[in-house]
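Which chain is which? The protein sequence lines are A and B, in order.
In terms of the working numbering, the first sequence opens at residue 4 and continues consecutively.
In terms of the working numbering, the second sequence opens at residue -7 and continues consecutively.
Presented below is the structure to which this report refers.
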Amino acid sequence: MDNLLNKLNPIKNIYISVIVPILAIFTALILSSVVIILSGSNPLLAYLALAEGAFGNLNNWIETILKTTPLIIGGLGVALAFRGGLFNIGVEGQIFVGSIASVIIGTTLKAPAIIHIPLTLLAGVIAGAVWAAIPGYLKAKFGAHEVITTIMTNYIATRIITWSIGMNGPLRKTTSFVPETNSLLETARLPIMISDTRLHIGIVIALILAIVVYILLFRTTLGIEIRTVGLNITAAKYCGIKVNRNIVLTMAISGGLAGLAGAIQVMGLPPYNFTAGFNVGYGFDSLAVAVLGNINPIGVVFSAFLFGAMDSGARLMQLRAKVPVDMITILQGLILMFVAANQIIRGIYRIQIQDKKADKVNLSQGWGGGSK
Amino acid sequence: MKRNLTKLMVLLAILSILLTACQPKVSETEQPVQNETSTTKVEEKEECSYKIGYVSDVGKINDQSFNQASWTGVEEAAKLLGLGKECYSFIETTDSADYEINIRSFVDEGYNIIVTSGFAMGAITRQIAKENPELFFIGVGQEQVNENFEPDPYPNAVGLNFREDFGGFLVGALAGLMTETNVVGGVFGCQFIPPVARYEVGYYNGVKFVNPDAKVINVYHPGSIDVCFSDATFGSETAKALVSEGADVLYGAGGLTANGALITACNQGAYVLGTDMDQFVTLPEVKDCILSSALKDIQEGVVGVIGSIADGSFGGGDVYAPSSLAPFHNLDSAIPEDAKVLLEEIAEKLYSGEINPCTPFEGSNPNTFCVPIK
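Written out as structure tokens, the structure reads:
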């Protein structure tokens, strides 16, 4: 009997770490339905439309998957940096830089698809990695806090790109009234998995990356180093880990993932170019996705799927129930709040705190300011 | 095991969506509404003679501007056609990559009039119009041209555009008549946005038409699309500079940038002129110094085009709705009677084609995006 209980213990721990997010979603849905009623709509109709919009037919499933893809990859980037004790707010800018780099390679280079596609993806990765390595270097070298510097690099990236696609900008499609770049050449576009749909192979790349990042973090020496720096920078130094090198590298990998997310967006979705208003918000949603996924690569996949489904279902929710798309943001915000401050949920539903060896990173640790 | 459990989590997430709906509190109050919707669903197909869908540009349907005016037009048209609430709806675009899927959602849901706004959505609206010749498409601010900018109308798609240069010319004439220092200014959003360029060129020509000696100082925001319509500080600083240059009438066309300029100029004692909507109403801060606004009646335009579908006069191609002058409101008594008469004469000459308000002038945008008068 004792034996059985011992066996069940880990299951119970997992059960608690799963039940809290579920109750968070549940509570957020109830609170949101109050808001929906107050705004004069029918929450039943709205939620049914939301579910149908996300999963109602093949096309809706595909749109959900397409929304999920950049969130998985961006979320992995954020999660990886979190594990290394770094708060990478710069994902938004890194996604932009990545998409612009792959636009440049994808529109100018002439090569067969088998070479062109990997090169275009790689361009996004490198651009994102370099862009993120800058704040990493500033932190390692001067102790400049990455939260501040990545917010700044976001602004810089956005401004440079809007200039480059603006009037007379170097990347501007000359024949267009709208600020946009030329479309990628056919050879640089991601293959479609189901013909006559928009489903490209991005999701496969994203899922493979989730496994790769998981292995990297938990099964390699580099992963141990990253996590050690994240948990305790002094101890990491004592262990002989090159902390500065590690910080730059962590940021570069994180940014490389974000850049790849941007590359996949321009390479996978028509009209295969970069336009004003494109991709906006995926970077910031990635932060939420990473936190909701318990900064675990596998958790990120599921939280990205949840966010992706809500973003995609929002279309039909607006159309059928006339609930503004902001409702989805409120819903996502509430879920996130209840997950982040899970004492509220534990309090409401009287859940005992049991997980003694919680696998957590001290998020506030980075505020010490660099690695002096 | 963990993976299975997480799968379960997602499954439960979906289930909880359904569960919430069954909350006793909620369903009690919602009972009558539920019945209503379940019965209307059956009747829907018989009741809706038209189903009108609206897709906003990246922005909200309550933005006090373009999107709001378009959506209000849809609502008004639906009322005029006697359509029930279930016969029209909207989707707010959050990512420009979603333009296509948002429009197609309405096609899939069986809507037969689809309104999209903003020229960024022009090409995709036209493509979907071509694929669905039995449905009607209305593109607000979208010219019906092909990739080489040659006119290429489809019988089932109308581009609702505006002669912003008309309104610009009229407020310009008013400014030229009202200035005492013989210096007038203008603060504008992005130069590469055709409607803004048309307002500007019209304004310049309007001032010069009534007052050839007047000095016109027009300033565009130098930034890119994401800031040039939202930079109130730039507008405010520019307005200060223009007033110190002696400008006593200031025109603003460019969202929040222009609003910032108007408020500052007003505080400094200058007359101001608004854009797109009657800014006496939408910008109460300037209600005591606003002479008039260059109106672009998007709402009426949308109502008109939807009406043309109902009465069978819908022909496809480009429709250019004129822009006009808003009422003078508080300053009505400050404007001389002969000036009012002259403005009416000018308006008539504009509509009859006697005056071309869109002649590029020295130093103006080489690409003024002028429209040939029909």
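In this text, a Cβ means the ideal position worked out from N, Cα and C, and glycines have one as well.
Near chain B, meaning a CB-to-CB distance below 9 Å, the residues of the stretch 276 to 306 of chain A are T278, A279, G280, F281, N282, V283, G284, Y285, I301, G302, V304, F305.
Shortest Cα-Cα distance from A:V283 to any of A:I98, A:F341, A:P273, A:I244 involves A:I98. The stretch 98 to 115 of chain A makes contact with the stretch 180 to 188 of chain A, as at least three CB pairs between them are under 8 Å. The Cβ atoms of B:A112 and A:V181 lie closer than 7 Å to each other. Taking CB atoms only, A:Q321 has a neighbour in chain B less than 7 Å away.
Per DSSP, B:N153 lies in no alpha helix (DSSP H); the unbroken beta strand (DSSP E) holding it starts and ends at 149 to 155.
The C-beta of A:G233 comes no closer than 7 Å to any C-beta of chain B.
Chain A places a beta carbon closer than 7 Å to that of B:T86, counting this residue as a contact. For the C-beta of A:Q268, the chain B residues within less than 8 Å are, from N- to C-terminus, A89. B:I290 counts as buried, since no fewer than 16 other beta carbons sit within 10 angstroms of its beta carbon. A:V251 is classed as buried because its beta carbon has at least 16 other beta carbons within 10 Å across all chains shown. Interface criterion not met: the Cβ of B:V137 is under 7 Å from no Cβ in chain A.
Under the Cβ criterion of 7 Å, A:E228 is not counted among the residues facing chain B. Non-local beta-carbon contacts of A:G316 in its own chain, meaning distances under 7 Å to residues more than five positions away in sequence, involve L53, A54, G56, A57 in chain order. With contacts defined by Cβ atoms closer than 7 Å, B:V47 and B:N124 do not form a contacting pair.
Taking C-alpha positions only, A:V38 is separated from A:T332 by approximately 12 Å. A distance below 6 Å between beta-carbons, with the five flanking residues on each side excluded, links B:N54 to the following residues of its chain, in chain order: Q60. The C-beta of A:K113 has fewer than 16 other C-beta atoms within 10 Å across all chains shown, which makes the residue exposed. Excluding sequence positions up to five before and after B:G177, its CB lies within less than 6 Å of the CB of I209, L234, A239, L242, all in the same chain and listed in chain order. Using a Cβ-Cβ cut-off of 8 Å, B:N94 is close to R318 of chain A, given in chain order. The Cβ-Cβ distance between B:A253 and B:A231 falls below 7 Å. The continuous stretches of beta strand (DSSP E) do not include A:P173, and DSSP gives it neither H nor E. The Cβ of B:S97 sits closer than 7 Å to at least one Cβ of chain A.
Within the stretch 207 to 272 of chain A, the runs of alpha helix (DSSP H) that reach at least 4 residues and sit entirely inside it are, in chain order, 224 to 234, 236 to 241, 246 to 271. Its Cα nearest to that of A:K176, the residue A:T111 stands out among A:Y140, A:L219, A:T111, A:E228.
Within the same chain, and ignoring the five residues on either side of A:A307 in sequence, the residues whose Cβ sits closer than 6 Å to its Cβ are T71, L74, I75, G78, V292.
Chain A has no Cβ within less than 7 Å of the Cβ of B:A121. Less than 7 Å separates the beta-carbon of B:F98 from that of B:G45. Using a 10 angstroms sphere on the CB of A:L41, the tally of other CB atoms stays under 16, which defines it as exposed. In chain B, no part has a C-beta under 8 Å from the C-beta of A:P173; the shortest such distance is about 13 Å. Residues of the same chain with a CB within less than 7 Å of the CB of A:L51, apart from the 5 flanking positions on each side, do not exist.
Out of B:E329, B:S356, B:C350, B:Y91, the CA that lies nearest to the CA of B:R155 is found in B:C350. By the Cβ-count criterion, A:A238 is exposed, with fewer than 16 other Cβ atoms from all chains shown falling within 10 Å of its own Cβ.
Annotation for B:N148: A121, P125, L127, F128, F129, G308 place their beta carbon closer than 7 Å to its own, counting only its chain and skipping 5 residues before and after. In this structure, A:L290 sits near A:V81, with a CB-CB distance shorter than 7 Å.
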